[in-house]
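Residue numbers for the sequence shown follow the working numbering, so the first one is 257 and each next one is one higher. Positions of the beta carbon are idealized from the N, C-alpha and C atoms, including for glycine. Below is one structure, written out as structure tokens, with a few remarks after it.
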Amino acid sequence: MRFKKKREEEITIGIAPLVDIVFLLLLFFAISYHFDIASGVQINLPKMSKTISGDEDENRVTLIIDKSAQIYLEGEKIDLNTLRERMQGYVQERGLIKLILQADKDVSHGSVVEVMDVAKSAGVYSIIIAARWKPEGLK
């Protein structure tokens with residue numbers, strides 16, 4: 257009786273699944289990368305200990321106050337009078353507006369309160385103060 261010899265199959269790593277995995281990792285890191293600088297204005301946000309996430313909303317407007325108390329609305333440098341007019345325009349166009357306020361931690365408290373007061377008087381629905389998450393234990 258003749259027995260068949262078992263062929264030893266050569267073990268290979270397929271290049272196609274490896275390329276797929278590399279592209280998926282690249283896509284994941286590209287999407288999840290967080291930018292600290294928005295609109296070319298460099299600010300140093302205050303740190304906080306817990307993260308708070310909210311729903312994405314098209315009625316959000318971003319306002320930045322840099323270290324020298326310059327105000328940027330949606331990336332455009334403006335003054336307080338123009339801020340009031342633009343915010344009133346946003347409220348009339350879009351309805352209820354949520355303002356995301358990104359103020360440098362070194363800007364005076366008075367400047368931030370003044371901007372918040374102008375926004376509220378223009379009809380802004382809510383003001384969200386942005387902060388950078390700091391893991392507990394780090395200083």
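Residue(s) in a DSSP beta bridge with residue i
| i | result |
| --- | --- |
| residue 328 | 320, 333 |
| residue 382 | 354 |
| residue 359 | 321 |
C-beta contact flag for residue i and residue j at 9 Å
| i | j | result |
| --- | --- | --- |
| residue 368 | residue 340 | no |
| residue 355 | residue 321 | no |
| residue 352 | residue 381 | yes |
| residue 330 | residue 317 | yes |
| residue 325 | residue 363 | yes |
| residue 360 | residue 333 | no |
Cβ-Cβ separation, residue j to residue i (assumed contact under 8 Å), whole Å
| i | j | result |
| --- | --- | --- |
| residue 343 | residue 357 | Going by Cβ atoms, the distance from residue 343 to residue 357 rounds to 12 Å, so no, they are not a contact pair. |
Pick from the options that is closest to residue i, judged by C-alpha positions
| i | options | result |
| --- | --- | --- |
| residue 327 | 315, 370, 288, 287 | 370 |
| residue 378 | 345, 385, 365 | 345 |
| residue 350 | 270, 365, 315 | 315 |
| residue 385 | 366, 319, 338 | 319 |
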